[in-house]
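Since the structure comes first, as structure tokens, the remarks are kept for the end.
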Amino acid sequence: MSAVVEEKKLIVGGSFLIEERRPEEVFTPEDFTEEQRMIAETARQFVDNEVQPRVPELENHDWELSRELLRKAGELGLIGAKISEEYGGLGLDQVSNALIGENISRSASFAVTYGAQVSIGSLPIVYFGTEEAKRKYLPRIASGELVTAYALTEAGSGSDALAAKATARLSEDGTHYILNGEKMWISNAGFADMFVVFAKVDGDKFSGFIVENGPGVSTGQEEHKMGIKGSSTRALILTDVRTPVENLLGEVGKGAKIAFNILNMGRLGLGTSCLGGMKLMLHHAVRYANERHQFGKPISSFGAIKKKLAEMAIRTWVGETMIYRTVGMVETATSDVENSDAKLQAIEEYAAECSLIKVALSEDCDYVADEMVQIYGGYGYSADYPAERAYRDSRINRIFEGTNEINRMLIPGTLMKRAMKGKLALLPAAQALMDEVMSPQLGGFDEEDEILAAEQKLAQNAKKIALMTLGTAAQKYMMNLAEQQEILLNVADTIIDAYAMESAILRTRKIAQAQGEDAAARYTDMTRVFCNDAIQRIEAHAKDALAAMVEGDELRTLLAALRRFTKHTPMNTVVARGRIADVLINANRYAY
Amino acid sequence: MKTVVLMKQVGNKDAVLRINKEGTWIEEGDLSYEVNESDGYALEEALRLKEKHGGEVVVCSMGPQRVKSVIKDALARGADRAIHVVGDDLARLSPFAAAKVLSEAIRSEQFDLVLTGLQSDDNGYAQTGVILAELLGLPHATIVIEVDASGEGLRVKRELENGWYQWYTMPRPCLLTIQSGISQIRYATLKGIMAAKKKEIREVAPAEAATASTSHQRITKIYFPQKSKQTQYLGDGNARAGAAELAERLRTEARII
Chain A
1 MSAVVEEKKL IVGGSFLIEE RRPEEVFTPE DFTEEQRMIA ETARQFVDNE VQPRVPELEN
61 HDWELSRELL RKAGELGLIG AKISEEYGGL GLDQVSNALI GENISRSASF AVTYGAQVSI
121 GSLPIVYFGT EEAKRKYLPR IASGELVTAY ALTEAGSGSD ALAAKATARL SEDGTHYILN
181 GEKMWISNAG FADMFVVFAK VDGDKFSGFI VENGPGVSTG QEEHKMGIKG SSTRALILTD
241 VRTPVENLLG EVGKGAKIAF NILNMGRLGL GTSCLGGMKL MLHHAVRYAN ERHQFGKPIS
301 SFGAIKKKLA EMAIRTWVGE TMIYRTVGMV ETATSDVENS DAKLQAIEEY AAECSLIKVA
361 LSEDCDYVAD EMVQIYGGYG YSADYPAERA YRDSRINRIF EGTNEINRML IPGTLMKRAM
421 KGKLALLPAA QALMDEVMSP QLGGFDEEDE ILAAEQKLAQ NAKKIALMTL GTAAQKYMMN
481 LAEQQEILLN VADTIIDAYA MESAILRTRK IAQAQGEDAA ARYTDMTRVF CNDAIQRIEA
541 HAKDALAAMV EGDELRTLLA ALRRFTKHTP MNTVVARGRI ADVLINANRY AY
Chain B
1001 MKTVVLMKQV GNKDAVLRIN KEGTWIEEGD LSYEVNESDG YALEEALRLK EKHGGEVVVC
1061 SMGPQRVKSV IKDALARGAD RAIHVVGDDL ARLSPFAAAK VLSEAIRSEQ FDLVLTGLQS
1121 DDNGYAQTGV ILAELLGLPH ATIVIEVDAS GEGLRVKREL ENGWYQWYTM PRPCLLTIQS
1181 GISQIRYATL KGIMAAKKKE IREVAPAEAA TASTSHQRIT KIYFPQKSKQ TQYLGDGNAR
1241 AGAAELAERL RTEARII
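Given below as structure tokens:
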């Protein structure tokens, strides 16, 4: 190991569940550099000035406009940020890339077009392409001249992606692969110049290919979608399509590695994309609530609306906190790594975090969209106002990039797999916890001066509850654990909340350390309300899971431990939410 | 051609304004900041002139450290270097005092042209540029919407009232105040943002003699416009006479027909 590698402290993926972090160990939005903020601002201005006014044209399927917008984004450097300078990109850090993604997502439709281009449609080439393929395609992808798409799903294989039926066979002269098959729900299909396609060689070797739009390539009709109507989604039909052997991605039979690794990154990106949407929705909602008068007052002055605004802000802020904490870990793990394989391993390390962010943010995004419609009232149901489109656009996030059900099951699944491989010391931690559960110590009353001491205790206990339920499930079902979907979903929810609670506490403490407790007060409010509510959700989930798994004395013992772990004095959330809402109302925007 | 562009940082247009306790200014704690709109167009004009005729674009701004974001943004868009006059309360200077500070900061630059926005979006005096020209001994033109530097002098187009324009030929060096909305402002590209890191920002203190002259003018009170409603009945019960009078008033007082 080189000296450079030794110096940076890599955080083990999933270790948040069994280890404690200090505020200075986590990356937060307060750590953005001036350049990163400027890059975010360029992306925001581009979307607000060039894309937003033209969304109606995109929704009328003006795909020439989509291409033009991609070219403009390319000129600004917004597409090539993930591609290295060697291949015509800028090779920027993960944080800058996340900020670009977040801001581009102020338009949900264009974000899908953009995401297919910069993420799933081009990263397989960045990480797995041959030298020839990289030189041939990446510079023109970075400039927006070539539009790309990602074709994995088929009519009969969605979540079960490896069951794909598309085939590829090597030509007799060994120079080409010949592809046949039909792919479904392909973003950008209506105007893409090239596709990253997954197909099976010799019937069983799942592999990835670059396929140019040309002879044998055709697309179906535009799908009539619920939302993101300004993005093209079609079936892709391949009939004896020849693609040169240089366009094979990675190796024959190693397509799953490509597909799933790209999805890992896609999930973190999707969470970031939801965040951009949530901030914009909240911005609209606050303004509308301030403008709209009923009973002689702005509706933002009513408690019912304040509660909504505050909760929307809490979920947005906590979501942002989780995202950038994770982006920071990925950045640390990948920053000095040149080799693609090592880079992918670094990203794979945080697969569980990526999945939990995908689930949390997509559901928070739907929550924010739903409450936005409600705040707009009747106008929320009218297509002449922004809430209606936002509501429809948001819904897809829980479905694509792996459904939330698949991703929920992946969270404990990935952690268990890592534990089995000895990468994560989950089992000793679970064992220690079970000992604690069986012979509880009457803990002394810790007098802690640090802010959020009570919340930190709750976050620690949330992790214990996750370990307790997961440990119980592992013991009971052993190798059949993967089939216990209802239990896994419950455990996943607890893990998500635990990560969220801890992330919020760490960020708030970091702000308090840097700017003082007064400056951190508004964040303390959000963190306290979030933890107060999260521990109640966790308690309900754990009760459900435990009651389904064990009975009698064992159940009574575990429930007694659960009661100890969830014990807390409820806070006055009404007052705290009121203060949070007032920050938004006074600033007339999302001011966190 | 060497151009100095003066740029001011002002509170965001969308900000909800609150008046401070003393009633003399707005509460700055709540604000987020942006570049003064017409100054952005002045910078764009300078960058376009540089693209056509070569030379250098130097940005000058004054205020506390937060002003750096305006400066860095200008450098990212293509300005070559910057001068930052650092001081906490410079935003409250009178137009004369502000012009005095700025004149001392840029006097030693061998410029061919000085550009400013035509007025600031916060105070809206529209005087700083003009006074600055006097202090630097330069001729000036205001509300400029087009600059042609292909000849020896500068041909500038000014906006007059009522859809009238005026072409003027200015000697060099001179000072122009630029109107908003005259062009499409370029974005700070990602390459530009990265390149800006290496560009020089020279920090200078405001000249003492300049800040000493702050007392020419000061704000004693600011307040929100007071809303009042007055109802007048026209025609004294006679609808026809009322309609005629209404039409007359709409023409002569409201001037909307």
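In order, the protein sequences belong to chains A and B. The numbering of the first sequence is the numbering used here, which starts it at 1 and goes up by one. The numbering of the second sequence is the numbering used here, which starts it at 1001 and goes up by one. The beta-carbon is built from N, C-alpha and C at its ideal position, and this holds for glycine as well.
Note that the C-beta distance between Phe209 (chain A) and Val147 (chain A) is not below 7 angstroms.
Note: Gly1063 (chain B) is bridge-paired with B:Val1086 in the DSSP secondary-structure output.
For Asp336 (chain A), no beta strand (DSSP E) encloses it, and the DSSP letter there is neither H nor E. The beta carbon of Gln52 (chain A) sits closer than 8 angstroms to those of Arg106 and Ser107, all from its chain and outside the five residues before and after it, given in chain order. Within chain B, the residues Tyr1187 have their CB atoms less than 7 angstroms from the CB of Gln45 (chain A), given in chain order.
For Val1147 (chain B), the uninterrupted beta strand (DSSP E) segment begins and ends at His1140 to Asp1148. According to the DSSP assignment, Asn103 (chain A) belongs to the alpha helix (DSSP H) that extends over Gln94 to Ile104. In the DSSP assignment, Leu1135 (chain B) falls within the alpha helix (DSSP H) that extends over Thr1128 to Leu1136. Of the candidates A:Arg395, A:Asn397, A:Thr403 and A:Asp370, the residue whose Cα lies closest to the Cα of Ala387 (chain A) is A:Asp370. Residues of chain B whose Cβ lies closer than 7 angstroms to the Cβ of Met281 (chain A) do not exist, since the nearest Cβ in that chain is about 17 angstroms away.
A direct Cα-to-Cα measurement between Tyr379 (chain A) and Met372 (chain A) gives close to 10 angstroms.
With fewer than three CB-CB distances shorter than 8 angstroms, the segment 335-350 of chain A does not count as touching the segment 312-324 of chain A.
The beta carbon of Lys225 (chain A) lies closer than 7 angstroms to those of Thr233 in the same chain, with the five residues before and after it left out. Phe209 (chain A) is bridged by DSSP to A:Val197 and A:Leu248. The three-state secondary structure of Leu555 (chain A), taken from DSSP, is helix.
Scanning A:Ala429, A:Glu246 and A:Trp185 for the CA closest to the CA of Ile18 (chain A) turns up A:Ala429. For Ile39 (chain A), the residues of chain B that pass the 7 angstroms Cβ criterion are Leu1190 and Ile1193, in the order they occur in the chain. Within chain B, Thr1189, Leu1190, Lys1191, Gly1192, Ile1193 and Met1194 have C-beta atoms less than 9 angstroms from the C-beta of Gly77 (chain A), given in sequence order. Contacts with chain B at 7 angstroms (Cβ-Cβ) do not include Asn97 (chain A). Taking a contact to require three or more Cβ pairs closer than 8 angstroms, the segment 487-505 of chain A and the segment 400-412 of chain A qualify as touching. Residues of the segment 102-123 of chain A with a Cβ closer than 7 angstroms to any Cβ of chain B: none.
Burial state of Ser1228 (chain B) is exposed, judged by a 10 Å Cβ sphere holding fewer than 16 other Cβ atoms.
At a cut-off of 7 angstroms, the C-beta of Glu331 (chain A) has no neighbouring C-beta in chain B.
Setting aside the 5 residues that flank it on each side, Leu1234 (chain B) is surrounded in the same chain by Gly1242, Glu1245 and Leu1246, each with a C-beta closer than 7 angstroms to its C-beta; the list follows chain order. The C-beta separation of Val1058 (chain B) from Val1004 (chain B) comes to about 5 angstroms, placing the pair in contact by the 8 angstroms criterion. With a 10 Å radius around the Cβ and a threshold of 16 neighbouring Cβ atoms, Ala1205 (chain B) comes out exposed. Ala1076 (chain B) reaches chain A at Glu35, Met38 and Thr42, counting residues in chain order whose Cβ is nearer than 9 angstroms. Two segments are said to touch when three or more pairs of C-beta atoms, one from each, lie closer than 8 angstroms; by this definition the segment 416-424 of chain A does not touch the segment 245-259 of chain A. By the neighbour-count criterion, in which 16 or more other beta carbons inside 10 Å mark a residue as buried, Tyr381 (chain A) falls on the exposed side.
Within the segment 1028-1039 of chain B, the residues whose Cβ lies closer than 9 angstroms to any Cβ of chain A are, in chain order, Asp1030 and Ser1032. Looking only at A:Pro215, A:Val252 and A:Gly227, the smallest Cα-Cα distance to Leu238 (chain A) is reached by A:Pro215. Between the alpha carbons of Val318 (chain A) and Lys1221 (chain B) lies a gap of roughly 42 angstroms. Among the residues of the segment 286-301 of chain A, none has a Cβ less than 7 angstroms away from any Cβ of chain B.
In this structure, Phe530 (chain A) lies away from Asn461 (chain A), with their beta-carbon atoms at least 7 angstroms apart. Tyr324 (chain A) is a Cβ neighbour of Pro29 (chain A), given a cutoff of 7 angstroms. Here Ala199 (chain A) is near Ala168 (chain A), since their CB atoms are less than 7 angstroms apart.
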